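The structure appears right after this line, and notes come after that.
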Amino acid sequence: MTKWLLAGVAMISAVIAAEPPNRQFRFGSFEVTAVQDASSAMRAELFPGIPGTEFRRLAGAQRAPSSVNVFVLKRGGKLILVDAGNGGKRGAMLRKLEQDGIPPEKIDCILLTHMHGDHIGGLLGRDGKAAFPNAVVYVSAPEREYWQSAAGARGELARKVLQSYAGRVKEFRFGEEVLSGVRALDASGHTPGHTVFETDSLLIVGDLFHAAAIQIPRPEICAAYDMEPSKAVQARRRFCDLAAAASKPVAGMHLPYPGIGRISRNAAGYVYSPEK
């Protein structure tokens, strides 16, 4: 019994040791911490609009590099978490924030790009209650409305999160300054209220890109998760144009860790370069 327990502890220690550390950046007036909640890689079958051979050529492998990332913004002593990862056994966010001296009670605000499970699961503790006791949660009005409607009836987790944070959920409309220095932009398509958050020096693009190696050079390619594909394509193209024209870095929840880089244009189209 002791032998197996020691083996289990060794395995967990090896996994933790293999995890990439949190990464710190400075963009304009915000300090930004990138946290990998979970590693990931995308299969070709998740992108039905592209032949498998072309997928593998662009990816350089059988699967395209991906990740599950969250970001913490800090300015003027205020801590803002953008999305919350998987939660439960699959998510490392809470533990990795603690390692950087950020316990859940220190988070002041939580901005949600949308309410899929790998973005809101970490809002609940293992007891099913709110994991962030002092945070106000911000979500777009169309996103909240969808998951509380009959059409979003399968969104049990989304409704549970909204119930757990009752009295601490605030809606915003696209185009509004949600918090000082952070504006919400319409990126609907992946979900009805999918949001990009813009600061003076950064675009936090949520799930515009599930596989950067595929969808940045080929923004017309949708993942199976995109609920309204035509709108998702329009949003990808629009924000690729914006990021390239403004030379503004992008932070993405599924861009390969640390999930921050720059989009530029060449003769062939868009190119992604990870931030160093």
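Take -15 as the starting number for the sequence shown in the working numbering and just add one per residue. Cβ coordinates follow ideal geometry from the N, Cα and C atoms, glycine included. Only a predicted model underlies this, so the values are computations on that prediction, with no experimental measurement involved.
Your pair residue 55 and residue 247 does not check out as a contact, with CB atoms roughly 17 Å apart and the cut at 8 Å. Cβ neighbours of residue 204 within its own chain (closer than 6 Å, five residues either side excluded): 217. Three or more beta-carbon pairs separated by less than 8 Å are not found between the segment 86 to 98 and the segment 38 to 51, which leaves the two stretches without contact. Unbroken beta strand (DSSP E) runs of no fewer than 3 residues, entirely contained in the segment 63 to 115, are found at 93 to 95, following chain order. Ranking 116, 112, 110 and 122 by CA distance to the CA of residue 98 puts 122 first. Note on the segment 146 to 176: whole beta strand (DSSP E) runs with a minimum of 3 residues are 153 to 156, 161 to 163 and 166 to 170, in chain order. Counting only residues of its own chain and dropping the five nearest sequence neighbours on each side, residue 14 has a CB closer than 8 Å to the CB of 57, 58, 59, 165, 183, 185 and 186. Residue 259 sits in coil when the DSSP states are folded into three classes, being neither helix nor strand. Taking residue 125 as reference, the option from 175, 118, 88 and 46 with the minimal CA-CA separation is 175. Spanning the alpha carbons of residue 133 and residue 143 requires a straight line of approximately 10 Å. For residue 32, the closest of 68, 181, 157 and 213 by C-alpha to C-alpha distance is 213. Spatial neighbours of residue 80 in its own chain (CB-CB distance under 7 Å, excluding positions within 5 residues in sequence) are listed in chain order as 6 and 19. In the structure shown, the three-state DSSP call for residue 24 is strand. A direct Cα-to-Cα measurement between residue 113 and residue 249 gives close to 45 Å. Between residue 50 and residue 77, the gap from beta carbon to beta carbon reaches 7 Å or more.
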